[in-house]
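The sequence shown begins at 280 in the numbering used here and counts up one residue at a time.
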Amino acid sequence: MKLRCDGPTTPASTGQFRSVPRRCGTGFTMVELLVTMTILISLVVMASAVYSTYVRDADIQVLKQNLFMMRSAIQQFYLDHGRYPLDGADVYGNRVTFLDNATSELVHGVRSALDRQGANNFGFPKKRVRYLPEIPIDPTTNLVNWQILKVSNQSLNPGSVLHSDVVTNVLSANPEFAHL
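Encoded structure:
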């Protein structure tokens, strides 16, 4: 840091020189400012590279959790109802879209004809079974655009009245993570 002081010394009435309080201006030179800014910028660049790595790892972990949750819900649905969730139309002709929170059987639920003891209550549903609060987003694309693996219900259950496709598995829509 360069010190710049203004103010001359003046003779006093006694003939001696005495110093008048000086106004000293302190400041940084341009070179010092440039060096400081260069160091700060390089630190920010290094920190952002490390931060982006952590964010990517966190996205992959969330993706794995979302896939596990959706696959578990599909399997639980199959165990409860003896069929996979629909994607197309149900028995009554209602539109059922797997990735739509309003019509997905995992989110909207289906009515269970079994009562609390597990006995069939003459086919009259008593409660609605929901498997997911909502279809989660794919954190690598920030959209609800999962790649769903569908199979014709007729190929799984010959003679079934359902002529719609059923969802057996989900994958990430991002090709980089389709192997998870």
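Virtual Cβ for every residue (Gly too), placed ideally from N, Cα, C.
Checklist entry - From residue 461 to residue 353, what does the alpha carbon distance come to, in whole angstroms? => result Given that the chain is displayed from residue 280 to residue 459, the structure contains no residue 461 and the question cannot be resolved.
Item to check | Cβ pair count under 8 Å reaching 3, the region 402 to 422 against the region 327 to 346 | outcome: Judged by Cβ distances under 8 Å, the region 402 to 422 makes contact with the region 327 to 346, as three or more pairs qualify.
Checklist entry - In the DSSP assignment, what residue or residues form a beta bridge with residue 443? => result Residue mapping note: residue 443 aligns to position 164 of the sequence shown, counting from 1. According to DSSP, residue pairing for residue 443 in a beta bridge does not occur.
Next on the checklist: Going by DSSP in three states, residue 320 sits in which element: helix, strand or coil?
Outcome noted: Residue numbering aside, residue 320 sits at position 41 when the sequence shown is read from its first letter. Reduced to three states, the DSSP call for residue 320 is helix.
Next on the checklist: Using CA atoms only, rank isn't needed, just tell me which of 380, 419, 327 is closest to residue 339.
Outcome noted: Reading the sequence shown from its first residue, position 60 is the one you call residue 339. Residue 419 is the option with its Cα nearest to residue 339.
Item to check | C-beta contact flag for residue 445 and residue 359 at 9 Å | outcome: By one-based count along the sequence shown, residue 445 stands at place 166. By one-based count along the sequence shown, residue 359 stands at place 80. Taking the C-beta atoms as reference points, residue 359 is found no nearer than 9 Å to residue 445.
Checklist entry - Quick one, are the C-beta atoms of residue 425 and residue 450 less than 9 Å apart? => result Taking the sequence shown and counting its residues from 1, the one referred to as residue 425 is at position 146. Taking the sequence shown and counting its residues from 1, the one referred to as residue 450 is at position 171. Closer than 9 Å, so yes.
Checklist entry - What number of angstroms, rounded off, separates the C-alpha of residue 320 from the C-alpha of residue 458? => result Residue 320 sits at position 41 when you count from the first residue of the sequence shown. Residue 458 sits at position 179 when you count from the first residue of the sequence shown. Per the coordinates, the alpha-carbon of residue 320 lies some 38 Å from the alpha-carbon of residue 458.
Checklist entry - Excluding five sequence neighbours on each side, which residues of the same chain lie with their C-beta closer than 7 Å to the C-beta of residue 342? => result Taking the first residue of the sequence shown as 1, we reach residue 342 at position 63. Within the same chain, residue 342 has close Cβ partners 417, 418, 419, 451, 456, 459.
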